[in-house]
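In this text, residue positions in the sequence shown follow our numbering: the first is 27, and each later residue adds one. What follows is one structure encoded as structure tokens, with my remarks underneath.
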Amino acid sequence: MPLPPLRRTLDLSSAGEGGAFDLYGWYGAEPDGRWSRAACAEVIVAAPAGTSEVRVDVLGRVFGTAVGGTARVRLSLDDGLAEELTFENDDFATGSAVLRYEPSPDQPRNIRLTLVRLDPVSPADAGLGEDERKIGVLVRRIDLAWNAAAG
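This is the structure:
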């Protein structure tokens, strides 16, 4: 009989728990979440032993769809196959992907979730000042649901 999914929520807002996961390529926390750097942002989190895939639900929003059109954010685990989330506008929305990785049968192991904003827009590109930083996605929360490895 399969084990029930294991779940974890990562709150990236300024009210979040912090310290329970490692972040690279992110701007400082804000009340609504944390902006990723467009080129690459990473979350390092421990995957439970005996798991080989995780459903990733990202609650976030992008900037600049009025200028650049539909935004695409690429998700991958440990440089594995990528999945894309799309954002039609700049409102908060939840995007989901199922990502697979090599399981560790007898102990938890760290996995690296990477987010890359494709075709990013800066505030300067949108005519909203001189800030030329290409920002990625403002992530409020990431929900993770692991499934037991087969076999």
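Ideal Cβ placement from N, Cα and C applies to all residues, glycine included. For clarity, every value in this text was computed on a predicted model and none was experimentally measured.
Short Cβ contact (8 Å threshold) for Gly59 with Leu139: Within the sequence shown, numbered from 1, the residue matching residue 59 stands at position 33. Within the sequence shown, numbered from 1, the residue matching residue 139 stands at position 113. No, Cβ-Cβ distance for Gly59 and Leu139 is not below 8 Å.
Per DSSP, the bridge partner or partners of Phe113: For this step, residue 113 is matched to residue 87 along the sequence shown. Phe113 is bridged to Ala97.
DSSP three-state assignment for Ala108, whether helix, strand or coil: Within the sequence shown, residue 108 is the residue found at index 82, counting from 1. Assigned with DSSP and collapsed to three states, Ala108 falls in coil, not helix or strand.
From Leu154, Leu101, Gln133 and Ala171, residue whose alpha carbon lies closest to that of Ser62: On the sequence shown, position 36 is the one that residue 62 refers to. Per the Cα distances, Leu101.
Boundaries (first-last residue) of the beta strand (DSSP E) holding Gly121: Locating residue 121 in the sequence shown gives position 95, counting from the first residue. Unbroken beta strand (DSSP E) run through Gly121: Ala119 to Arg126.
Cβ shell of Gly94 (< 7 Å), same chain only, five flanking positions each side left out: One-based indexing of the sequence shown puts residue 94 at position 68. Once the five neighbours on either side are set aside, the close Cβ partners of Gly94 are Asp145 and Val147.
4-residue-minimum alpha helix (DSSP H) runs that sit fully inside the segment 52-100, ordered along the chain: Whole alpha helix (DSSP H) segments, 4+ residues: 91-94.
Below-8 Å beta-carbon distance, Asp132 vs any chain B residue: In the structure shown, chain B cannot be found, because there is only a single protein chain.
Limits of the beta strand (DSSP E) - the one that Leu141 falls within: Here residue 141 refers to the residue found at position 115 of the sequence shown. Taken as a continuous stretch (DSSP letters only), the beta strand (DSSP E) holding Leu141 covers Arg135 to Leu144.
Burial state of Ile70, where buried means 16 or more other Cβ atoms lie within 10 Å: The residue labelled residue 70 in the question sits at position 44 within the sequence shown. Answer is exposed; the Cβ neighbour count stays below 16.
Rounded straight-line distance, which links the Cα of Phe113 to that of Leu38: Position 12 of the sequence shown holds residue 38. Position 87 of the sequence shown holds residue 113. One C-alpha to the other measures close to 19 Å.
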